[in-house]
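Chemist:
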Amino acid sequence: MKKLRALSAIVLMFVLVSCSSHKKDTLYLFNWSYYIPDDVLHDFKKETGIKVILDTYDSNESMYAKLRTGNAQYDIVVPSSDYVELLQREGMLAPIERDKLTNLSYIDEDILAMLTFDKDQEWSAPYFIGATGININRGRIGDQDPSWSIFASESLRGRMTMMNDMRESLGAALAYNGFSINSTDPMEIEIAKNTLLKWKKNLLKFDAEMFGKDFASGSIAVAHGYAEVVLTELEEADGIDYQYLLPKEGGVIYVDSLVVLANSENQENAHIFINYLLRPDIHARIADTFHYPVLTEEAQKLRKKRSAYDIRDALDLGYEVKRDLGDKNSLYTQAWSEILKS
Amino acid sequence: MRKNLGFRYTLLAMIVTTTLTIIPLLIVIFYSFLTKNSSGGVIYQFSLDAYRTIFSKEYALVLKDTLIITFWATSMTMLVALPCAYYMALSRHKDILMMIIIVPFWTNFLVRIFAWKAILEANGFLNLILLKLGIIDTPFMFLYNRTAVIVVLAYTSLPFAILPLYNAIEKFDFSLLEAARDLGSGHMRSLAKILIPNIRGGIVASMVFVAIPIFGQYIVPQLIGGGNAGTFMLGQQIANVFFNERNWPVPSAITTLLMFVTLIGFFAVRIRTSQKNRDYLAKNK
């Protein structure tokens, strides 16, 4: 009898857990790690009564794999531009109701015009936009020409890293050779691959996780990657003469966008949350916490810290937004695994 | 009448193993024979493309590097583990020694890897000591190469080798060694001729415990290898194909193939052992 009771308790627990997982006033957010401050979620709850439960990922690829494989029920995800296209093509997104996103009007026209992967914001609203560049320790290596060719300089051998990210590193090599970072021409990708193989000899490693810490500790002086990653680490380290270079040959722009998933049961609240994140004061607060460039004039006035660069500078240099390549993606994976192996 | 309750008691465990191990493995085998969908997932259409892809020179090269790393890391682990286990079995402070080996493994796996990074870095402890001692005059980069990967892999698998070895050595009858020495055999020779053959089961077990997880490693080569030549292992290839290429059948095919190779190896060993046992029994009738 006792055993039976224990068993029924376990069963009951399972039932309860599965029932309680979806409440009306709870939102499930699946975001990049270190991409939203806890106090913003806290204040949102205070203001609206909606609780946001956060789960994080470290790459678009792993986020997508989780959405494809698991039964994870999320309301809002923050994919980069190419993954917005992919999710939309796969019918995994709910359309954005623009009239509910009143704060979208703060975002500058020229920035909205950049979002060619989703004109008129039918499926996504921009969260933050960044341009991948080169972090340099000027105190160690002096002034440098803003160019991807820095990775070809043998004098810096062993003190440089590039990202362990297929699209970012091949994108840099493509831009260096004057090609589009979204190229689907096998010849161009072959040339970019050979450039990267040449650069690899001078690199300490390919790394997309640790370069911020390594840069702050002084073990590397040149790091291909996002400025915000390095700036976050530099908060605790001083004495580093830091500079962020946007190479003159252009490069990769990533647009991390807020999307609502098609199977979300809370689309109404999801829109309220997205609108909240777009509000200039909140936008400025998040940008200040993580050192991002802001998307609105209004937020620029409110922010307290300066970002390492302005996104418009990148646009002037011919930076391009990362797009989804569909079937041609395998050209990149082929080249990338060859680079990692040799 | 004694009722056999074994079945009832193991029922829960059986359900867990079936649902959590066997069914997912069957799904993996099933997926390996399907057509890939470039947006992730699979198209439900029979195809051998995945197997055609993995029987290529590209995969042979990855396999070669993986095997080399596994071989050296396993050998290194065994070389360190054997004397440790021997000493432990003979020591009067077995419990304390056992604790010393187990306690570090309560620390998170990743934290231990980062600790190794702090040791091997250009401005890490090892360089600091070598510089102080005047052995080198410029810091040497110990990280991000094959040797570093092998060393860290060996470190992480050490307890898995020591424990079975310790078990085997503890059961060993040490008077046999005395007898060997009484009969004029040297110390080393009696170890090699008497101890090692007697603890062979333990050696094989710990080699299996060490080599198989190392073979499938992903995180150590990823963090310690830094994508440099000779550090790229099969686990990383699987992740690369699965995440970047969004190809599901190929990783499934690799897994299926490895599973069958392991199973064949397992049964080969079993058949040989039971054959030997039979021979032994026949001889000693």
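Here the protein sequences line up with chains X and L, keeping their order.
If you count by this note's numbering, then the first sequence holds residues 158 to 499, one letter each, in order.
If you count by this note's numbering, then the second sequence holds residues 624 to 908, one letter each, in order.
We put the CB at the ideal spot given by N, CA and C, even for glycine.
So is L/Y654 in contact with chain X if we call contact Cβ pairs under 8 angstroms?
Modeler: Within the second sequence, residue 654 of chain L is the residue found at index 31, counting from 1. Closer than 8 angstroms: no.
Chemist: For L/L649, does the three-state DSSP call read helix, strand or coil?
Modeler: Within the second sequence, numbered from 1, the residue matching residue 649 of chain L stands at position 26. If DSSP states are grouped into helix, strand and coil, L/L649 belongs with the helices.
Chemist: Below 8 angstroms between beta carbons: does that hold for X/L186 and X/D232?
Modeler: Taking the first sequence and counting its residues from 1, one reaches residue 186 of chain X at position 29. Taking the first sequence and counting its residues from 1, one reaches residue 232 of chain X at position 75. Result yes, Cβ atoms of X/L186 and X/D232 sit closer than 8 angstroms.
Chemist: How far does the beta strand (DSSP E) with X/K362 in it extend, from its first residue to its last?
Modeler: To locate residue 362 of chain X, count along the first sequence from 1; it is residue 205. Here the beta strand (DSSP E) through X/K362 covers L360 to F363.
Chemist: If you measure from the beta carbon of L/I638 to each beta carbon in chain X, is any gap under 8 angstroms?
Modeler: Along the second sequence, read from residue 1 onward, the residue named residue 638 of chain L stands at position 15. Cβ-Cβ to chain X under 8 angstroms: no for L/I638.
Chemist: Tell me the DSSP secondary structure of X/Y208 in three-state form.
Modeler: Here residue 208 of chain X refers to the residue found at position 51 when the first sequence is read from its first residue. Sequence inspection shows Lys at residue 208 of chain X; the Tyr mentioned does not correspond to that position. In this structure, X/K208 counts as strand in the three-state DSSP scheme.
Chemist: Going by C-alpha to C-alpha distance, which of L/K755, L/F797 and L/T779 sits closest to L/Y841?
Modeler: For the purposes of this step, residue 841 of chain L is taken as residue 218 along the second sequence, with counting starting at 1. Out of L/K755, L/F797 and L/T779, L/T779 has the C-alpha closest to the C-alpha of L/Y841.
Chemist: If contact is defined by three or more beta carbon pairs under 8 angstroms, each pair taking one atom from either stretch, is the region 726–741 of chain L in contact with the region 794–806 of chain L?
Modeler: Flag = no, the region 794–806 of chain L and the region 726–741 of chain L do not touch.
Chemist: Assess contact between the region 416–429 of chain X and the region 355–362 of chain X, defined as three or more Cβ pairs (one per stretch) separated by less than 8 angstroms. Is contact present?
Modeler: With a cut-off of 8 angstroms, the region 355–362 of chain X and the region 416–429 of chain X do not count as touching, because too few Cβ pairs lie within range.
Chemist: Measuring CA to CA, which of X/T289, X/I193 and X/K498 is closest to X/K350?
Modeler: In the first sequence, the residue the question calls residue 350 of chain X occupies position 193. Looking at the Cα atoms, X/K498 is the closest of the given residues.
Chemist: Out of curiosity, what's the CA-to-CA distance linking X/I468 and X/T205?
Modeler: Looking up residue 468 of chain X in the first sequence gives position 311. Looking up residue 205 of chain X in the first sequence gives position 48. The alpha-carbon atoms of X/I468 and X/T205 are separated by roughly 32 angstroms.
Chemist: If we count the other Cβ atoms within 10 Å of its Cβ and call it buried at 16 or more, is L/A704 buried or exposed?
Modeler: Numbered from 1 along the second sequence, position 81 holds the residue referred to as residue 704 of chain L. With 16 or more Cβ atoms within 10 Å of its Cβ, L/A704 is classed as buried.
Chemist: In chain order, what are the residue ranges of uninterrupted alpha helix (DSSP H) at least 4 long that sit wholly in the region 806–856 of chain L?
Modeler: If we require 4 residues or more, the alpha helix (DSSP H) runs fully inside the region 806–856 of chain L come out as 810–813 and 823–838.
Chemist: In chain order, which alpha helix (DSSP H) runs of at least 4 residues are fully inside the region 282–342 of chain X?
Modeler: With a minimum length of 4 residues, the continuous alpha helix (DSSP H) runs that stay inside the region 282–342 of chain X are 295–298 and 323–333.
Chemist: Going by Cα to Cα distance, which pick from L/G747, L/L776, L/I773 and L/L756 is closest to L/F763?
Modeler: Translated into positions along the second sequence, residue 763 of chain L becomes position 140. When each option's Cα is compared against that of L/F763, the closest is L/G747.
Chemist: In the DSSP assignment, what are the bridge partners of X/G382?
Modeler: By 1-based counting over the first sequence, the position of residue 382 of chain X is 225. Answer by DSSP bridge pairing, in chain order: X/G290.
Chemist: What is the rounded straight-line gap between the Cα of L/L756 and the Cα of L/N750?
Modeler: Numbered from 1 along the second sequence, position 133 holds the residue referred to as residue 756 of chain L. Numbered from 1 along the second sequence, position 127 holds the residue referred to as residue 750 of chain L. Distance between the alpha carbons of L/L756 and L/N750 is about 10 angstroms.
Chemist: Please report how far the alpha carbon of X/E201 lies from the alpha carbon of L/N731, in whole angstroms.
Modeler: Residue 201 of chain X sits at position 44 when you count from the first residue of the first sequence. Residue 731 of chain L sits at position 108 when you count from the first residue of the second sequence. Correcting the residue type first, residue 201 of chain X is Phe in the shown sequence and not Glu. Roughly 34 angstroms separates the two Cα atoms.
Chemist: Listing by chain order, which chain L residues have their CB less than 8 angstroms from the CB of X/R246?
Modeler: Counting from 1 along the first sequence, the entry for residue 246 of chain X is found at position 89. Chain L residues near X/R246: S662.
Chemist: Can you list, in chain order, the stretches of the alpha helix (DSSP H) that have 4 or more residues and sit fully within the region 709–781 of chain L?
Modeler: Counting only runs of 4 or more, we get 717–725, 732–743 and 748–755.
Chemist: Is there a Cβ from chain X that is less than 8 angstroms from the Cβ of L/Q860?
Modeler: Reading the second sequence from its first residue, position 237 is the one you call residue 860 of chain L. Yes, L/Q860 counts as interfacial toward chain X.
Chemist: Return the CA-CA distance between X/S326 and L/L657, expressed in angstroms with no decimal places.
Modeler: One-based indexing of the first sequence puts residue 326 of chain X at position 169. One-based indexing of the second sequence puts residue 657 of chain L at position 34. X/S326 and L/L657: Cα-Cα distance of roughly 31 angstroms.
Chemist: Within 8 angstroms of any Cβ in chain L, is that where the Cβ of X/W493 sits?
Modeler: Locating residue 493 of chain X in the first sequence gives position 336, where the first residue counts as 1. For X/W493, the answer is yes, since a Cβ of chain L falls inside 8 angstroms of its Cβ.
Chemist: Note down, in chain order, every chain L residue with its Cβ under 8 angstroms from the Cβ of X/L497.
Modeler: Within the first sequence, numbered from 1, the residue matching residue 497 of chain X stands at position 340. The contacting residues are G850, F855, Q859 and N863.
Chemist: Which first and last residues belong to the beta strand (DSSP E) in which X/D414 is found?
Modeler: To locate residue 414 of chain X, count along the first sequence from 1; it is residue 257. At residue 414 of chain X the sequence reads Ser, which differs from the Asp that was named. V409 to L418 is the span of the beta strand (DSSP E), which, as asked, contains X/S414.
Chemist: Could you please give me the residues that DSSP links to L/W871 through a beta bridge?
Modeler: One-based indexing of the second sequence puts residue 871 of chain L at position 248. DSSP lists no partner for L/W871.
Chemist: Which partner residues does X/Y214 have in the DSSP bridge list?
Modeler: Stepping through the first sequence from its first residue, residue 214 of chain X is reached at position 57. BP columns for X/Y214 point to X/W189.
Chemist: Which chain L residues sit within Cβ distance under 9 angstroms of X/K362?
Modeler: By one-based count along the first sequence, residue 362 of chain X stands at place 205. Residues of chain L passing the Cβ test: L766, Y767, G848, G849, G850 and N851.
Chemist: Keeping to the same chain, check which residues put their C-beta closer than 6 angstroms to that of L/L846; ignore five residues upstream and five downstream.
Modeler: Working through the second sequence from its first residue, we reach residue 846 of chain L at position 223. Taken in chain order, the residues that qualify are I736.
Chemist: Can you tell me which residues form a DSSP beta bridge with L/F669?
Modeler: What you label residue 669 of chain L is simply residue 46 of the second sequence in a count that begins at 1. In the DSSP output, where bridge partners are listed per residue, L/F669 has L/L657.
Chemist: Given a cut-off of 8 angstroms, decide if L/M856 and L/P844 are closer than it, judged by their beta-carbon atoms.
Modeler: Taking the second sequence and counting its residues from 1, one reaches residue 844 of chain L at position 221. Taking the second sequence and counting its residues from 1, one reaches residue 856 of chain L at position 233. It is a contact, given that the beta carbons lie within the stated cut-off.
Chemist: Does X/L243 get closer than 8 angstroms to chain L when you measure Cβ to Cβ?
Modeler: Within the first sequence, the letter at position 86 stands for residue 243 of chain X. Taking Cβ atoms only, chain L reaches closer than 8 angstroms to X/L243, which makes this a yes.
Chemist: Can you tell me whether X/K362 is buried or exposed? The criterion is at least 16 other CB atoms within 10 Å of its CB, across all chains shown.
Modeler: As a first step, residue 362 of chain X is located in the first sequence; it is residue number 205 there, counting from the start. So X/K362 counts as buried.
Chemist: As a quick exercise: from X/F308, X/D484 and X/S237, pick the residue whose alpha carbon is nearest that of X/P343.
Modeler: Here residue 343 of chain X refers to the residue found at position 186 when the first sequence is read from its first residue. Measuring from the Cα of X/P343, the nearest candidate turns out to be X/D484.
Chemist: If we ignore side chains and look at the alpha-carbon of each, how far apart do X/N334 and X/I348 end up?
Modeler: Mapped onto the first sequence, residue 334 of chain X falls at position 177. Mapped onto the first sequence, residue 348 of chain X falls at position 191. Each residue's Cα considered, the two are about 8 angstroms apart.
Chemist: Contact defined as beta carbons within less than 8 angstroms: I believe X/V416 pairs with X/W280. What is the distance between those atoms, to the nearest angstrom?
Modeler: Start at 1 with the first residue of the first sequence, and residue 416 of chain X comes out as number 259. Start at 1 with the first residue of the first sequence, and residue 280 of chain X comes out as number 123. The pair is a contact, with the Cβ atoms about 6 angstroms apart (cut-off 8 angstroms).
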